[in-house]
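Just so you know, the sequences run in chain order A and B.
Residues in the first sequence are numbered from 31 upward in steps of one, following our numbering.
Residues in the second sequence are numbered from 58 upward in steps of one, following our numbering.
Every residue, glycine too, gets a C-beta built ideally from N, C-alpha and C.
Bear in mind that the values here come from a model prediction, so they are computed numbers and not experimental data.
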Amino acid sequence: MTTIAVASGKGGTGKTTIATSLVLSAPELRPVFLDCDVEAPNAHLYLHPHFDKKFVVAIPVPQIDESACSSCGLCTQVCQYNAIAVLGGKVQVFPELCHGCGSCARQCPEGAIQEVDQPVGCVQTGTSPNGQRFGRGLLDIGQAMPVPVIRALKRWQGESSGRLVVRDSPPGTACPMVETLRGADYVLLVTEPTPFGLHDLKLALEVTRMLGLPAGVLVNRSGAGNPGMEEVCQEYGVPVLMRVPLRREFGEALARGLPLVEAFPEFRLRFRELLASILHQIKLERRASRSLEGSEPHDIGLDGDR
Amino acid sequence: MKQLVVLSGKGGTGKTSVTAALAHLASGSSGRALLVLADADVDAANLELVLAPHVLERHEFRSGKVATIDASRCSGCGECSLACRFDAIREQGGAFRVDAFACEGCAACSYVCPEHAIDMLEQQAGTWFRSASRYGPLFHAALTPGQENSGKLVALIKRQAEQAAVEFELGRMLVDGPPGIACPVIAAASGADLALVVTEPSVGGIHDLRRILDTVAHFNLPALVCINKCDLYPEGVDQIEAECSQRRCEISGRIPFDASVTEAMAHGQPVTQYAPQADASQALLQLWASLQTFWMSSGELDPLELTVRRAVDE
């Protein structure tokens, strides 16, 4: 299985546009799509999957058995998130702050803490009309922590049988984006040639560098001059793989929910070239790491490109 | 003090461009700071690129811990790996290693380690700044890329900004929020009096508008909506209008697609300053006018207070 994560620092640069067009361009790889933007997932609006399965994502939060609790307060000391407090001689839980690590229950000398599942969101999976496997996470309204939902979605990826997996990342460079990138083989960073786009691209490149993941850049809404873009990519040693020009009709088609490669079929070949180039880079990376660790290769390629 | 937070759900709808323009319009022709600004998008902070602030103070933001295993004390029993629920400790070539990116700093591993071989090290999770901008004091931050605790950093920035508002007797605070609906958004919205939701007429924009309006309603925060790039997809505008009317949510601004917005950004200026006659600037001026009811409604800027201030100023 080969996994490509499509990410950006700045929001609205076109991650979903690019990720959906990537999977639509290579049906022979039976790609699986993972919408990891569990706060604001949009890919289903372009790929129209029929969801046939749904499972709830929950984190285990403490429940205090007051009859057994001695109010010793040890649980409040082991908790790193201030999710438990002793107030007026009684232990009180703040479930929205709990990460579900289980330490309070494990360390309670009275065995007075049980863990109960608190739902934070769900994962929905299904198939799109063209046979594409599709999974998305959905964080419940009012919940603070998207990472457990992304983690659950990735576990579903592990069970799916696709050869190519494309993960659509949330914007930003914080923990939800990192969780989306972890375990991927390659990161495609989508940016736009504006000061905001460039600034946030650098932050995203810091993350891929720290994670030790190979990355490439796609410049969306590309214009005549894209000041600074080449320099930044050179500085981080990443290639600019593709440019999609700024055209109002692209924006109009995308606004009404048409995938780029379907509204403008001339892009299909360019996306296949982009994918071929990414798969080639992954192959080279694997060769390099195999000579170090002796693992088995799982290279895949597009039809007519071997 | 009255506090307005700019949110969107979907990223890239124009929160920062709108915030910068509102900050500019708020300063009016007086040349005097009338509000405090906070950039609550700490993992992709862009407001500073438009406001060109002068940094006055720089502070470390230390938060969260990461487990580290002391190999010399580790017996290789693997208890830590079993206790970790975040899949952050794995055996690699006979040694247990912590994946610092997966570690959530819960310390479960350090509690169960029979050899006491695991230390929890505090992280520098970012930097925050107190700056002077053209339009008033600005509080902003840079989360270390890949870090957690963006919500805590947002809360810290906002607390500092609120204190400054009191200190400088500024009755208004404008917060540029992050995209999404989770912890940094909740932290940005907390304590606000009104949310201005910037959306765009696209299938994704409308989908995420529903998510963010549900979220602010969940926290009982009233919201106004502003449609950016409103001429891109007229059917989308109809859908936004239907959604807002069903929710009894006012649409206070309609900003047309206008190349001067991007040009202004490239010049590091709010569009209302860079191209005051542009269609987008005129629309933002109208949005600003419709926000006056909110700014003037209560709090420090009630008519009596205004009269007193005016008297003091003169």
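1) Less than 8 Å between the beta carbons of Leu-195/B and Val-99/B, yes or no?
2) Taking 8 Å as the cut-off, does the region 65-85 of chain B touch the region 258-271 of chain B (at least 3 CB pairs, one atom from each stretch)?
3) At the 8 Å Cβ level, is Asp-65/A part of the contact set with chain B, yes or no?
4) What residue does the beta strand (DSSP E) around Leu-270/B start on, and which one ends it?
5) Is it true that the CB of Ser-199/A sits closer than 8 Å to the CB of Ala-37/A?
6) Using DSSP with H/G/I as helix, E/B as strand and the rest coil, what is Gln-343/B?
7) First and last residue of the beta strand (DSSP E) that includes Cys-283/B?
8) At which residues does the alpha helix (DSSP H) containing Leu-24/A begin and terminate?
9) Determine the direct distance from the alpha carbon of Ile-175/B to that of Ser-132/B, and round the result to whole angstroms.
10) Less than 7 Å between the CB of Met-31/A and some heavy atom of the ligand HEM, yes or no?
11) Skipping 5 residues on each side, what residues in its chain have a beta carbon closer than 7 Å to that of Pro-110/B?
12) Looking at chain A, which residues of the region 317-345 of chain B have a Cβ within less than 8 Å of any of its Cβ atoms?
13) Beta-carbon of Val-62/B versus every beta-carbon of chain A: anything under 8 Å?
14) According to DSSP, which residues form a beta bridge with Ser-252/A?
15) Give me, in chain order, the residues of the same chain whose beta-carbon lies closer than 6 Å to that of Ala-35/A; leave out the 5 immediate sequence neighbours on both sides.
16) Select from the region 283-300 of chain A all residues with a C-beta closer than 8 Å to any C-beta belonging to chain B, and list them in chain order.
17) Go ahead and pull the three-state DSSP assignment for Ile-312/A.
18) Determine the burial state of Asn-250/A: buried for a count of at least 16 other Cβ atoms within 10 Å of its Cβ, exposed for fewer.
19) Quick check on the DSSP output: the beta strand (DSSP E) that includes Arg-181/A runs from which residue to which?
20) Out of curiosity, what's the CA-to-CA distance linking Leu-344/B and Thr-329/B?
21) Per DSSP, what kind of secondary structure is Gln-334/B in: helix, strand or coil?
22) Would you kindly report the start and end of the unbroken beta strand (DSSP E) that includes Leu-64/B?
23) Could you pull out every residue in the same chain whose Cβ sits closer than 8 Å to the Cβ of Gly-42/A, ignoring the five residues on either side in sequence?
24) Between Ser-247/B and chain A, is there a C-beta pair that is closer than 8 Å?
25) What does the Cβ neighbour count give for Asp-127/B, buried or exposed, with the cut at 16 atoms within 10 Å?
26) Got a sec, what are the start and stop residues for the alpha helix (DSSP H) Asp-295/B sits in?
27) Spatial neighbours of Gln-326/B within its chain, please: CB distance less than 7 Å, with the 5 preceding and 5 following residues excluded, ordered by chain position.
28) Identify whether Val-146/A lies in helix, strand or coil by the three-state DSSP scheme.
29) In the region 124-140 of chain A, which residues sit with their C-beta less than 8 Å from some C-beta in chain B, listed in chain order?
30) Residues of the region 203-233 of chain A with a CB closer than 7 Å to any CB of chain B: list them in chain order, please.
31) What does the alpha-carbon distance come out to for the pair Val-220/A and Arg-273/A?
32) Could you name the residues of the same chain whose beta carbon sits closer than 7 Å to that of Tyr-111/A, not counting the 5 residues immediately before and after it, in chain order?
33) Take the Cβ of Pro-295/A as the centre, count every other Cβ of all protein chains shown within 10 Å, and call the residue buried at 16 or more, exposed below.
34) Output the boundary residues of the beta strand (DSSP E) element that contains Thr-125/B.
35) Which residues, in order along the region 96-115 of chain A, keep a beta-carbon less than 7 Å from a beta-carbon of chain B?
36) Measuring straight from C-alpha to C-alpha, what distance separates Asp-345/A and Gly-203/B?
Taking the structure as given:
1) no
2) yes
3) no
4) Careful: Leu-270/B lies outside any beta strand (DSSP E), inside the alpha helix (DSSP H) at 260-275.
5) yes
6) helix
7) 280-285
8) Nothing can be reported for residue 24/A: it is not among the residues displayed for chain A, which extend from 31 to 336.
9) 11 Å
10) This structure lacks the ligand HEM, and indeed carries no ligand of any kind.
11) Ser-188, Ala-189, Ser-190, Leu-195
12) Thr-319, Met-322, Ala-323, Gly-325
13) no
14) Pro-275/A
15) Arg-197, Ser-199, Thr-210, Leu-211, Ala-214, Val-217
16) Leu-284, Ala-285, Arg-286, Gly-287
17) helix
18) buried
19) Here Arg-181/A belongs to no beta strand (DSSP E); instead the alpha helix (DSSP H) covers 177-189.
20) 12 Å
21) coil
22) 59-64
23) Pro-201
24) no
25) exposed
26) 291-303
27) Val-107
28) strand
29) His-129, Gly-130, Cys-131, Gly-132, Ser-133, Arg-136, Gln-137
30) Thr-203, Ala-204, Cys-205, Val-208, Arg-212, Thr-224, Pro-225, Phe-226, His-229, Asp-230, Leu-233
31) 10 Å
32) Leu-127, Cys-128, His-129
33) exposed
34) 111-126
35) Val-108, Gln-110
36) As displayed, chain A neither begins before 31 nor continues past 336, which places residue 345/A out of reach and without an answer.
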